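Counting in our numbering, the sequence shown runs from 80 upward without gaps. Read through the structure below, which is laid out as structure tokens, and then see the notes.
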Amino acid sequence: MKITRHQELVQLVEHYSNLTTQQLAQLLAVSQETVRRDLRVLQKQGKIVRQHGRAKRINRGVDESGDPFTERLKSHLNSKADIAHRALAWIVPGMVIALDASSTCWYLARLLPDIPLTVFTNSERICQALAKREHIQIVSTGGLLQRKYACYINAPLAAQLKSLDIDLFLFSCEGVDSNGTLWDTRSWNAEYKTMLLKRSAQSLLLIDKSKFDRVSEVRIGEQVDVTEIITESSQPLMAHKCGVL
Numbered sequence: 080m081k082i083t084r085h086q087e088l089v090q091l092v093e094h095y096s097n098l099t100t101q102q103l104a105q106l107l108a109v110s111q112e113t114v115r116r117d118l119r120v121l122q123k124q125g126k127i128v129r130q131h132g133r134a135k136r137i138n139r140g141v142d143e144s145g146d147p148f149t150e151r152l153k154s155h156l157n158s159k160a161d162i163a164h165r166a167l168a169w170i171v172p173g174m175v176i177a178l179d180a181s182s183t184c185w186y187l188a189r190l191l192p193d194i195p196l197t198v199f200t201n202s203e204r205i206c207q208a209l210a211k212r213e214h215i216q217i218v219s220t221g222g223l224l225q226r227k228y229a230c231y232i233n234a235p236l237a238a239q240l241k242s243l244d245i246d247l248f249l250f251s252c253e254g255v256d257s258n259g260t261l262w263d264t265r266s267w268n269a270e271y272k273t274m275l276l277k278r279s280a281q282s283l284l285l286i287d288k289s290k291f292d293r294v295s296e297v298r299i300g301e302q303v304d305v306t307e308i309i310t311e312s313s314q315p316l317m318a319h320k321c322g323v324l
């Protein structure tokens, strides 16, 4: 019965795109607690996404879900600026750093002083922000430009990274769930972050508090893979492997 119910639940979410726990309970003729247990299992299996009391269909297309870059710039503006200032303390002359195409990393790029650095990024906006810094070497992934998200995709990352030893990878994500899994909305963006996490000596996750206990469509990695999490609190929030989260 459980297997059949799980199959029906997934089919319902695929058909309606997203449903509340209450709606699913009514459609399946079971309790909401049973639905919640089923959703936890199905999320771990990568079949649905749980978010704010709803079950959502996983989007797997090229133009996947996610807010445009211009919209993300306006969201939690003060928090992102604060996080960017905190992250700046980790960057010293001579480093090779990697930045993702998040709006928080764009704020950070604008704060970077004109010091000897190598910056590797898939962000069109970060390349533009650093264009006039004479001492910063910019290495873009290139590839197909996604104008909505202001970033490049389909670049041969493995080949590019062979010639670069990344000292520090700074990135954001869509959410960190209660189990410490990092999530994103777009598969090609998640792949970039997953590879950089593996190839960098250290990594910083830059997220505001609204993204904790939150999931999305595509898994990036685990919290234990990150050196430190920086949020807008008065003190940096240490990663799980450091014993604080």
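C-beta: ideal position from N, C-alpha, C; glycine also. Keep in mind that this is a model prediction, so the values were computed, not measured.
- Query: Between which two residues does the alpha helix (DSSP H) containing E93 stretch?
  - Reply: Sequence index remark: in the sequence shown, residue 93 carries index 14 (1-based). DSSP places E93 inside the alpha helix (DSSP H), whose first and last residues are 81 to 95.
- Message: Quick check: what's the CA-CA separation for K241 versus T273?
- Response: Within the sequence shown, the letter at position 162 stands for residue 241. Within the sequence shown, the letter at position 194 stands for residue 273. Answer to the nearest angstrom: the Cα atoms are 16 Å apart.
- Item | Alpha carbon of N258 to alpha carbon of L118, nearest angstrom | As a position in the sequence shown, residue 258 is number 179, starting the count at 1. As a position in the sequence shown, residue 118 is number 39, starting the count at 1. Rounded to the nearest angstrom, the two C-alpha atoms are 15 Å apart.
- Task: Kindly list the residues whose CB is nearer than 8 Å to the CB of R129, restricted to its own chain and excluding five residues on each side of it in sequence; keep chain order.
- Result: The count along the sequence shown starts at 1 and reaches residue 129 at position 50. The residues are L118, R119, Q122, K135, V294.
- Is DSSP giving Q216 helix, strand or coil here? Translated into the one-based positions of the sequence shown, residue 216 becomes position 137. Secondary structure at Q216: strand, using DSSP grouped into helix, strand and coil.
- Task: Out of I299, A237, V218, point me to the one whose CA is closest to V327's CA.
- Result: Absent from the model: residue 327. The displayed extent of the chain is 80 to 324, so no value can be given.
- Query: At a cut of 8 Å, does the segment 230 to 238 reach the segment 246 to 255 through at least three beta carbon pairs?
  - Reply: No, the segment 230 to 238 is not in contact with the segment 246 to 255.
- Can you tell me whether V171 is buried or exposed, with buried defined as 16 or more other CB within 10 angstroms of its CB? For the purposes of this step, residue 171 is taken as the residue at position 92 of the sequence shown. That one is exposed.
- Using DSSP with H/G/I as helix, E/B as strand and the rest coil, what is Y49? With the chain covering only 80 through 324, there is no way to say anything about residue 49.
- Would D193 be called buried (16 or more neighbouring beta carbons within 10 Å of its own) or exposed? Here residue 193 refers to the residue found at position 114 of the sequence shown. Exposed is the call here.
- Message: Pull the bridge partners of Q326 from the DSSP assignment, please.
- Response: Outside the displayed range of the chain (80 to 324) lies residue 326, so it cannot be described from this structure.
- For the beta strand (DSSP E) holding R298, just list the boundary residues, first then last. For the purposes of this step, residue 298 is taken as the residue at position 219 of the sequence shown. DSSP places R298 in the uninterrupted beta strand (DSSP E) bounded by 297 to 301.
- Task: Alpha carbon to alpha carbon, how far is L107 from I176? Give it in angstroms, no decimals.
- Result: Translated into positions along the sequence shown, residue 176 becomes position 97. Translated into positions along the sequence shown, residue 107 becomes position 28. Near 50 Å, if we compare the C-alpha coordinates of L107 and I176.
- Near T169, which residues of its chain fall below 7 Å by C-beta distance, leaving aside the five closest residues on each side in sequence? Within the sequence shown, numbered from 1, the residue matching residue 169 stands at position 90. A small fix is needed here, since residue 169 is Trp in this sequence, not Thr. Once the five neighbours on either side are set aside, the close Cβ partners of W169 are L247, L283.
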